Amino acid sequence: QVQVVESGGGLVQAGGSLRLSCAASGSIFSRFTMGWYRQAPGKERELLAHISSSGNTNYADSVKGRFTISRDNAKNTVYLQMNGLKPEDTAVYYCRIEYPFAVWGQGTQVTVSS
149 QVQVVESGGG
159 LVQAGGSLRL
169 SCAASGSIFS
179 RFTMGWYRQA
189 PGKERELLAH
199 ISSSGNTNYA
209 DSVKGRFTIS
219 RDNAKNTVYL
229 QMNGLKPEDT
239 AVYYCRIEYP
249 FAVWGQGTQV
259 TVSS
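Numbering (my numbering), first residue to last: 149 to 262.
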């Protein structure tokens with residue numbers, strides 16, 4: 149069974165940076181489309197970015213220019229580099245295999261202090 153595990157969350161001051169990692173099991177990781185989401189308290193889960201098997205990326209307007217999604221197929225890992233963090237970025241961040249099937253990670257907490 150394919151699983152994904154996020155890491156790299158934590159507490160950071162406004163304006164700071166964090167890099168989240170998402171490690172996926174399975175030998176066909178290079179074929180996966182991967183996505184990063186977040187969910188703040190009292191809000192719906194929000195798609196932030198996704199990256200296709202060929203490396204094409206898309207971003208939500210809320211993070212465009214500040215967050216960068218990337219992947220290392222040799223390590224079965226997708227990353228989310230987050231720069232210029234704001235208090236409103238505080239949320240639980242989730243990784244998801246988007247295609248060819250859906251698998252969610254357990255999430256990692258990111259807290260941005262003002």
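The C-beta atom is built at its ideal place from N, Cα and C for all residues, glycine as well.
Remember, predicted model here, so these are calculated numbers, not experimental data.
The criterion of a C-beta distance shorter than 8 Å is satisfied by ALA162 and PRO235.
DSSP, read as helix, strand or coil, puts PHE177 in helix. Boundaries of the beta strand (DSSP E) around GLY158: 158–161. With a 10 Å radius around the Cβ and a threshold of 16 neighbouring Cβ atoms, ASP237 comes out buried. If the five residues before and after SER261 are omitted, its C-beta is found closer than 6 Å to the C-beta atoms of GLN161, all from its own chain and listed in chain order.
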